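Shown next, in structure tokens, is the structure this report addresses.
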Amino acid sequence: MKPTRFALNFSALALVLLLCMSFPAMAQESEKAPEGINSGNYNIKQTVELGGRIIPDSDFRDTRGTRELFNTFVNLRSGARLLDYTLEMRSLNHEGWLFDSLYYSNFGYGGDPNNVSRLRVYKNKWYSFSGTFRRDYSFWDYNLLANPLNPSTPVANAPAGFSPTILFSPHAQALVRRMSDYNLTFLPQSRVRLRLGYSRNVQEGPSLSTFHEGTDVLFFQDWKTTVNSYQIGVDFKWLPRTNISYDQFFHYFKGDTSWVDRSQTFALSNGVPVDIGLPINTAAGQPCAQPFNPSTAQPTAPAGTVNATCNAYLGYTRQAPTRTNSPTEQLSFQSNYFKNLDLSGRFVYSSSDNTAFGNEALNALITRTRTLVRNETGPVSGRRVSVSADFGITVHVTDKLRVMDMFRFANFRLPMQWLFTECSFFAAGNPASMLLPPTVFTATAPLPATCAAPANGAAGTPTHSTSSPPDVELRVSSRFFKQDIKNNLFEVEYDFTRRFGARVGYRFRHRTIADAISESGTYVFFPSLQNGRTPEPPLNVTESGASNTCPVANNRSDNTCLLTAELSDSGSTEINEHSGLFGIWARPTDALRVSFDLELMSADNTFTRVSPRQLQHYKLRASYKPTPWMGFAGTVNILENRNNVFQVNNLQHNRLYGFSAAFEPNERISFDFGYDYNNVFSTSLICYPVTQPAPSTLPACVDATLAPIPGLVANTSFYKNKANFFYFDVSWRPVKRLRTYGGYYLTSTSGSTLIIAGPQGTTGVIPNPPTGPLAYNFHKPYAGVTFDLYKGLSWKGEWNYYGYNEKESALPLVDPTGPRDFRGNIVTLAVRYAF
Amino acid sequence: MKRSRKLVLFALGLVLALVLFCLAPAGAADRAQEKKPAAPAKDSSQYIGADTCKQCHEDVYKKFETTPHWKTTLGAIRGIEAHGCESCHGPGADHVSGGDKSKIFTFKGATAKQISARCLECHEYGEEHSNYARSVHKINDVSCIDCHSVHKAKESQFLLAKAQPQLCYSCHQDIRPEFNKPFRHRVNESLVKCTDCHNQHGGYMTKQLRATAAQDVVCFKCHADKAGPFVYEHHAVKGEGCVACHMPHGSSNPRLLKRAQVNLLCLECHTPTGGPSDAVPPGTPSFHNQAQKYQACTMCHVQIHGSNLDRVFFK
Chain S
3 MKPTRFALNF SALALVLLLC MSFPAMAQES EKAPEGINSG NYNIKQTVEL
53 GGRIIPDSDF RDTRGTRELF NTFVNLRSGA RLLDYTLEMR SLNHEGWLFD
103 SLYYSNFGYG GDPNNVSRLR VYKNKWYSFS GTFRRDYSFW DYNLLANPLN
153 PSTPVANAPA GFSPTILFSP HAQALVRRMS DYNLTFLPQS RVRLRLGYSR
203 NVQEGPSLST FHEGTDVLFF QDWKTTVNSY QIGVDFKWLP RTNISYDQFF
253 HYFKGDTSWV DRSQTFALSN GVPVDIGLPI NTAAGQPCAQ PFNPSTAQPT
303 APAGTVNATC NAYLGYTRQA PTRTNSPTEQ LSFQSNYFKN LDLSGRFVYS
353 SSDNTAFGNE ALNALITRTR TLVRNETGPV SGRRVSVSAD FGITVHVTDK
403 LRVMDMFRFA NFRLPMQWLF TECSFFAAGN PASMLLPPTV FTATAPLPAT
453 CAAPANGAAG TPTHSTSSPP DVELRVSSRF FKQDIKNNLF EVEYDFTRRF
503 GARVGYRFRH RTIADAISES GTYVFFPSLQ NGRTPEPPLN VTESGASNTC
553 PVANNRSDNT CLLTAELSDS GSTEINEHSG LFGIWARPTD ALRVSFDLEL
603 MSADNTFTRV SPRQLQHYKL RASYKPTPWM GFAGTVNILE NRNNVFQVNN
653 LQHNRLYGFS AAFEPNERIS FDFGYDYNNV FSTSLICYPV TQPAPSTLPA
703 CVDATLAPIP GLVANTSFYK NKANFFYFDV SWRPVKRLRT YGGYYLTSTS
753 GSTLIIAGPQ GTTGVIPNPP TGPLAYNFHK PYAGVTFDLY KGLSWKGEWN
803 YYGYNEKESA LPLVDPTGPR DFRGNIVTLA VRYAF
Chain V
-3 MKRSRKLVLF ALGLVLALVL FCLAPAGAAD RAQEKKPAAP AKDSSQYIGA
47 DTCKQCHEDV YKKFETTPHW KTTLGAIRGI EAHGCESCHG PGADHVSGGD
97 KSKIFTFKGA TAKQISARCL ECHEYGEEHS NYARSVHKIN DVSCIDCHSV
147 HKAKESQFLL AKAQPQLCYS CHQDIRPEFN KPFRHRVNES LVKCTDCHNQ
197 HGGYMTKQLR ATAAQDVVCF KCHADKAGPF VYEHHAVKGE GCVACHMPHG
247 SSNPRLLKRA QVNLLCLECH TPTGGPSDAV PPGTPSFHNQ AQKYQACTMC
297 HVQIHGSNLD RVFFK
């Protein structure tokens, strides 16, 4: 029998541990920082922790305890690891040859989802270098996210083994993000110093996405984005107590993510693979009323094959390579040149160029429009221009009185444009069928764009529906968005005694948010229904609200119709916010500290319906440390915000109360624990379209004149979530060479939210949306032991448990994947050597 | 609501009691502290050098020797007053002559203002520390040595008294539960540090947030694909920031969302009534019948942070 990977890993670990245990028991306290080894002019200290993790597969045999969910939250796996490594080198006389000090640390290599390396090197007077590399493997398959939640009801005539239930997230991803940051400063202590910086952020990996047209299809999304950032800066310190800096940043973004439909898991009757999409809701025509051919249709349509008149995808690809170049200049200063005056300021100007090229090829039957082939292509161009200026001043009026002011001006504007052509070819047959080639019409009059006919096209006059888009389209879609912020904070601080101080302040913020759109299009409608169709929104209607169609059936020699249309609009929002601030700090005794902050804000407008028009924020923090080995802390953090105006009725709060205590009476034992209670609440009026069971229970949504808005009902949306968080950690060293420790972290939540009810069924109103993670328990107990084997050498064993359980809901929710649970035991064994 | 008001009133009462307690006349010990020698002397004869300090404080000096501050002993970088132990503790001649602790500046018992002023004499250099005078930490009487331990640092890097995030949790304990929620940024896992997003020494932005070089929100440093600019911006992202929809530290909801159901989150803004007259977002079209089988908005509107190719964020 071939040994399993787990058995091999375990054997390797056991061998390492056995070897380690064979050392003579002459252990000292290895967790103390090592003295290090003096070699040449350097003192060198190193610690290395090698080991591995063991995660039994049996934890995931429960059908609800999926490994995918465990990996979404925890993502630890079995295998050998470099759990920790540090290297410190310090020049004994602080005059090393290449460096005076070097610090290098890393952890997680060998398979953990997070790997981090940090390096700092310093040479007195000459340079200072810091570098960080971080790798984050993010696995995500929370199966409720973007899940169409198909009922498990069998689909008529479906192939054997087909289940409509989807047990994974259609937006699952397994991405790796690698981030590097390097900074080098030359002559760090001189009057002129030079700084260089480089950062890189690469995110790539397989992921899933969805696309909505006709139906919702699952795409393979090959994620690849790269950012390279460069910085060069110089600091001048010619004036006493004054620093002036200039920085130039270059930021390059590359987005090369692409999308492709690889889910053609079914076949048409002619054997061509086809994707019917994710949602199965035949009553609503998703993907159609009868997705699979019945057996009676044989032999032309074998049973289990896909109905060729259904919404379905034969193929789809999309690329949109994006490039953004952002040079940014920054001038900043800080000065204490004037006595009793502390100044700082910064000016930043950035102007980025953004280009992309969209290229979409769709080969799918969209039954509503009869589209069978569509190609959309064209360049994107635009800019982001950002200007910001900051200024801060503190005037030390007396030793006890300070006056402070901070001003910020920030403005960005985003002029963007997409110029594209779209060519559509329509399905033949009635109803439209994928089994027939797309119809290709040969226009003799000039077209605004060149369209390549599909290879399998058949010449003829296309059959359109009134929803069919133009056959040829050339469009310029321009957008503009800007925000301008002026923010000023004025505060007066006064120290009444050396144990008590207070401050009072006023903040004013003015925001102007503006946007504009400009659309223009040239459309050619081939026969048929040349003047019975409209362009796509927003140019589908004229300014008067009428359908924007060709005025006549044909206005060109080849019986086609050409339509040009334009639209422009703009708007802006002005918001003035006034905040009063108050704060005190106190140290009644050396052991007791208290601080309290209060902010009261009122605004005359909001940008979104749930942005605060009034806000109150209270923060109280206290800590009490009567002895060096005992400490208590408490926090109250209450945020109340609302936009409680007519037809919004938004009220929100986020209240948090916490308490913690820590005890460390001696080096052998320590204990700490804490409890926090968090109460999140929100309510607001919402309007949405819904088919109500008779008699209607929800009022119609009304506009500002109280006239009903057709098709929309009004309801009060609410969200309540109460979270209790408790933790304790304990560490005990019964004998000098043995340390045991353990703890428990628990988050337990409960809550409720609006359930938008569906139509009346035989068992009553059917609630549609699942409550999801509103109520759950998340347990994280752990325990460990460290045994000192030899001088600097110790053995470590740790057990961690992760248990997540969504609480069952009493409501008959449409959630075939829930409630989501997992449990995972992780045993980590390691040997640590410090020398 | 009533319970909350009672708690607020209780907190205010507590604060008032503390104010009265603290406003009481300072004790003799406090007055003695206020008379601490603080200002560096210009007379070079007042400085005795680190070797003299070492004679009595050898254990402290031994540790000090391993820290970056030891370089202050390597020649008078910025004058004799910035040399060795006395660069922080001030001139030591009077202290040495009689052994009187009150004749030299000690950080124990000094005010946060005094402590920070000492440190900033050297460290107020560059953007990182340039706004400390206006930082939330400073105005709440938090001094440098509340986080940094010059002689007893547990972390050799930056001489921190504790490693992040435990150091930050010791005051900001209300944040600890958020990073223990199932959906959270990997702060406890040491992938992300609090100081990656916040400038602990003060900054120009609210909540002492950092920003990208181009003064965009700090989130875009890692989530670069969401930064755009896009032809079709989701205005809430650029107008209100990521926190319009997300909880930045941690959340009970997937994707750190503010609501358990994404549809309700969307509908809170996408309701065509009561919003600002010039910025009404599109309401929900009639064909989005919520009575049909549940379907999350983001299943179709996948590029919800912004798109170059589709005005309704389908692609």
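Heads up: the protein sequence lines correspond to chains S and V, in order. The opening position of the first sequence corresponds to residue 3 in this note's numbering, with each subsequent residue numbered one higher. The opening position of the second sequence corresponds to residue -3 in this note's numbering, with each subsequent residue numbered one higher. All C-beta atoms in this analysis are idealised placements derived from N, C-alpha and C, irrespective of residue type, glycine included. Computed from a predicted model, the values in this text were never measured in an experiment.
Scanning chain V for C-beta atoms nearer than 7 angstroms to the C-beta of residue 495 (chain S) yields 135, reported in chain order. Beyond the five residues adjoining it in sequence on each side, residue 775 (chain S) comes within less than 7 angstroms, by CB distance, of 808 in the same chain, given in chain order.
A residue is called buried when at least 16 other Cβ atoms come within 10 angstroms of its Cβ; residue 192 (chain V) meets this threshold and is buried. Legend: CB atoms of the segment 147 to 165 of chain V lying less than 8 angstroms from CB atoms of chain S belong to residues 152 and 153. Under DSSP, residue 143 (chain S) takes part in no beta bridge, so it has no partner.
Residue state for residue 220 (chain V) is assigned as helix, using DSSP reduced to three classes.
With contacts defined as CB atoms closer than 9 angstroms, residue 598 (chain S) and residue 506 (chain S) fail to qualify as a contacting pair. Where residue 262 (chain V) is concerned, the enclosing alpha helix (DSSP H) starts and stops at 258 to 265.
Counting every other CB atom within 10 Å of its CB across the protein chains shown gives residue 138 (chain S) a total of 16 or more, marking it as buried. Residue contact check for residue 89 (chain V) against chain S: no CB pair falls below 9 angstroms. The DSSP-derived three-state label of residue 304 (chain S) is coil. Residue 279 (chain S) sits away from residue 325 (chain S), with the two beta carbons spaced by 9 angstroms or more.
By alpha-carbon distance to residue 106 (chain S), the top candidate from S:91, S:587, S:489 and S:490 is S:91. Shown in chain order are the members of the segment 601 to 622 of chain S whose Cβ falls below 8 angstroms from a Cβ of chain V: 607, 608, 609, 610, 611, 612, 613, 620 and 622. Of the other Cβ atoms in all chains shown, fewer than 16 fall within 10 Å of the Cβ of residue 544 (chain S); this residue is therefore exposed. Spatial neighbours of residue 197 (chain S) in its own chain (CB-CB distance under 8 angstroms, excluding positions within 5 residues in sequence) are listed in chain order as 185, 186, 187, 188, 233, 234, 235, 236, 237 and 249. Note that the C-beta distance between residue 163 (chain V) and residue 140 (chain V) is not below 9 angstroms. Per DSSP, the beta bridge partners of residue 597 (chain S) are S:587 and S:623. The three-state reading of DSSP puts residue 235 (chain V) in helix, counting H, G and I together. As DSSP reads the structure, residue 386 (chain S) sits in a beta bridge with S:354.
Rounded to the nearest whole angstrom, the C-alpha separation of residue 240 (chain V) and residue 441 (chain S) is 47 angstroms. Within chain V, no C-beta atom comes less than 8 angstroms from the C-beta of residue 632 (chain S); the nearest is roughly 14 angstroms away. Ranked by Cα distance from residue 509 (chain S), the first of S:489, S:524 and S:516 is S:489. If you draw a straight line from the Cα of residue 244 (chain S) to the Cα of residue 346 (chain S), it comes to about 9 angstroms.
In this structure, residue 724 (chain S) sits away from residue 684 (chain S), with a CB-CB distance that is not shorter than 9 angstroms.
Closer than 8 angstroms at the C-beta level to chain V, one finds these residues of the segment 406 to 417 of chain S: 406, 408, 410, 412, 414 and 416. In terms of CA proximity to residue 174 (chain V), S:659 leads the group S:114, S:353 and S:659. For the segment 680 to 708 of chain S, the set of residues with a beta-carbon nearer than 9 angstroms to any beta-carbon of chain V comprises 680, 681, 682, 684, 686, 687, 688, 689, 690, 691, 692, 693, 694, 695, 703, 704, 705 and 706, in chain order.
Of all residues in the segment 278 to 296 of chain V, those with a C-beta nearer than 9 angstroms to a C-beta of chain S are 279, 280, 281, 282, 283, 284, 285, 286, 287, 288, 289, 290, 291, 292, 294, 295 and 296, reading in chain order. Listed along the chain, the chain V residues whose CB falls inside 8 angstroms of the CB of residue 91 (chain S) amount to none; the nearest CB is some 11 angstroms away.
Excluding residues up to 5 positions away in sequence, 179, 242 and 243 lie with their Cβ nearer than 6 angstroms to the Cβ of residue 252 (chain V) in the same chain. Residues of chain S with a Cβ closer than 8 angstroms to the Cβ of residue 101 (chain V) do not exist; the shortest Cβ-Cβ separation is about 15 angstroms.
For residue 749 (chain S), at least one C-beta of chain V is nearer than 9 angstroms to its own C-beta. Looking from the CA of residue 455 (chain S), the closest CA among S:427, S:673, S:465 and S:835 belongs to S:427.
Against chain S, a Cβ distance below 8 angstroms from residue 167 (chain V) picks out 623, 625 and 635. Among the CB atoms of chain V, none fall inside 9 angstroms of the CB of residue 169 (chain S).
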